[in-house]
Every structure is written in structure tokens, then in C-alpha cells.
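Straight run, no breaks: the sequence shown in this note's numbering ends on number 235.
Built from N, CA and C at the ideal position, the CB exists for glycine as well.
Below is one structure, written out as C-alpha cells, with a few remarks after it.
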Amino acid sequence: MKHGALALAVFAAACAKGGPSTPESRGRGVYATYDCKRCHRIGAEGGDTGPDLTFVGFRKSPEFLALWLKDPAAWQPNTLMPNFKLNDEARGQLAAHLGTLKGEAYRGAGGAPWDKVEPAKRGAEIYRRAGCVTCHGEGGKGGYTNLNAIGGKVPAVEKAREGFSREELVKRISDGVAHPVKADPAGPEPLLKMPPWKEALKADEIEAVADYVLSLAPASKEDW
Numbered sequence: 012m013k014h015g016a017l018a019l020a021v022f023a024a025a026c027a028k029g030g031p032s033t034p035e036s037r038g039r040g041v042y043a044t045y046d047c048k049r050c051h052r053i054g055a056e057g058g059d060t061g062p063d064l065t066f067v068g069f070r071k072s073p074e075f076l077a078l079w080l081k082d083p084a085a086w087q088p089n090t091l092m093p094n095f096k097l098n099d100e101a102r103g104q105l106a107a108h109l110g111t112l113k114g115e116a117y118r119g120a121g122g123a124p125w126d127k128v129e130p131a132k133r134g135a136e137i138y139r140r141a142g143c144v145t146c147h148g149e150g151g152k153g154g155y156t157n158l159n160a161i162g163g164k165v166p167a168v169e170k171a172r173e174g175f176s177r178e179e180l181v182k183r184i185s186d187g188v189a190h191p192v193k194a195d196p197a198g199p200e201p202l203l204k205m206p207p208w209k210e211a212l213k214a215d216e217i218e219a220v221a222d223y224v225l226s227l228a229p230a231s232k233e234d235w
């Protein structure tokens, strides 16, 4: 049985038992059916092969998530994410579920994983766990496709220290970038936008991320 048919069979059985009734709750069923937690983490549960999804609904729109799920390799050619060939209904439901994940799972009694690492590594852990890495890449090298953005990709941040002071970078991360500059002014808005992280992270967490990003490029001779 194909994946899409299997998912629909699971949904039908759940509904017959008075189960999931909203796109979001049905999406949780899709997430479970395809064992997404085997590779992805939400809060304290799941694997680390793929990106942490705890904040995925804060940093990505359901519209983008549905497009990503339709063909992951079209957005990131070197992705390990398989194409599960979900039908439109199941894909939309999974995107709706992912869209509800906005970091709450790291604000419970267990705390966030970056609270348990040494201070020097805190910024890197937030960068990874909050999902900055999914757009700006490992080590801030960028490379994530963003249609109609300048260069067609999310910008690299490995040389952010060349264009931003610490104060400026903290503000940029805090406020986000609601409207990335278009490559074609008459074209559509780029789907990937940096959210205002001040709505999801604490001030000291944002500062830790900024310090990590600024550490990615070697200091210039003038700094020595």
C-alpha cells in the first residue's frame, strides 16, 4: 500500500473512533504514521538526524511547509529528507500541525536544552535547536533556496561581523526581517522570512546567538 493510501486509512480509522477532527490534530496523526520523530525532535522527544522542529511553526509558514513536504529536494538538493509522496490532504494536515509548533515544548518544567550546556556553547546550541541552522546553514554558510530573494537563497551569516556590530545584529535577530529584498521587484514575496525572535526567545538567548554568529568569521587584523 502506498504511503498516501496508508495515511488515509489511518485517518479514517481514527475518525470512526471519534479521533482527530481538525487539520492540526489530523496532522499529528500523519506525523505519527510516518514516524517523523525517528529523525526530528519536538521538545524532549525525537531524534537528531533531521532538524529540531520545536520552533518550526514560528520560523516557517504552513504554506512554505506544504511546499517543502511536496518536494524537499527542490528546496535543498542535498537534503536527507525523503519525499513521502503525500497527497494534498495529508500534506496540508501535516503542515498545519507543524505550523502549531512555536517553541512551547522548550518552555516547560524541563527547560530548554541550551540551559544545560556550558555558556561558551550556548549560542551554538540555540542556533541549532531554534532552527537558525535550517535557513542559514551549518556554520552560517547559508545555501537554503528562497525564491525571488537576492541571490535566490537565504543569506549566509558567517561573515556577519563585517556588516553588523553586536548591537545591530542583536536588533536584527530580535526584530526579524519581514520583507526580504526581492530580486525582481515585480515578483512574489520570498517565502522565507526571518521572524521576530524577540517573540520566542529571551533577550539573553538572542544575545548568545548573536555572539555565536559573530564568532564564525575570524577577527580582522584591526581587531588584534
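Assigned exposure category for residue i - 16 Cβ within 10 Å defines buried
i, result
"A24", "With a pLDDT of 48 at A24, under the threshold of 50, the modelled position of this residue cannot be trusted, and the question is left open."
"E74", "exposed"
"A219", "buried"
"V192", "exposed"
"H108", "buried"
"N157", "buried"
"L225", "buried"
"L91", "exposed"
"I161", "exposed"
"E216", "buried"
"K213", "exposed"
"R49", "exposed"
"C26", "Low confidence applies here, because C26 scores a pLDDT of 48, under 50, leaving its location unreliable; read the following figure in that light. C26 comes out exposed."
"D99", "exposed"
Supposed contact pair residue j and residue i - C-beta distance, whole angstroms, cut 8 Å
i, j, result
"A101", "L76", "At roughly 13 Å, the Cβ-Cβ gap does not stay under 8 Å, so A101 and L76 are not in contact."
"K113", "F69", "4 Å"
"N159", "P201", "5 Å"
"A135", "T65", "Contact flag wrong, Cβ pair sits at about 16 Å."
"E210", "T111", "About 15 Å; that fails the 8 Å criterion."
"A167", "G151", "6 Å"
"L227", "E169", "4 Å"
Simplified DSSP assignment, three categories, for residue i
i, result
"V188", "strand"
"A116", "helix"
"T145", "helix"
"G57", "strand"
"K164", "strand"
"W235", "At W235 the pLDDT is 39, less than 50, meaning the model places this residue with poor confidence; the figure from the coordinates comes in the next sentence. Three-state result, W235: coil."
Element boundaries [alpha helix (DSSP H), containing residue i]
i, result
"T44", "34 to 44"
"Q87", "Premise fails: Q87 is in no alpha helix (DSSP H) and is neither H nor E."
"I137", "130 to 140"
"I217", "214 to 225"
"A197", "No alpha helix (DSSP H) holds A197; DSSP gives it neither H nor E."
"E210", "E210 -> no alpha helix (DSSP H), and no H or E assigned at all."
"F175", "Note, F175: premise wrong, no alpha helix (DSSP H); not H, not E."
"L105", "99 to 109"
"L76", "73 to 81"
"R49", "Counting along the chain, R49 falls outside any alpha helix (DSSP H), and DSSP gives it neither H nor E."
"G68", "67 to 70"
Any non-hydrogen atom of the ligand FMN closer than 7 Å to residue i Cβ
i, result
"N98", "Absence of the ligand FMN from the depicted structure is noted, as is the absence of any ligand whatsoever, leaving it without description."
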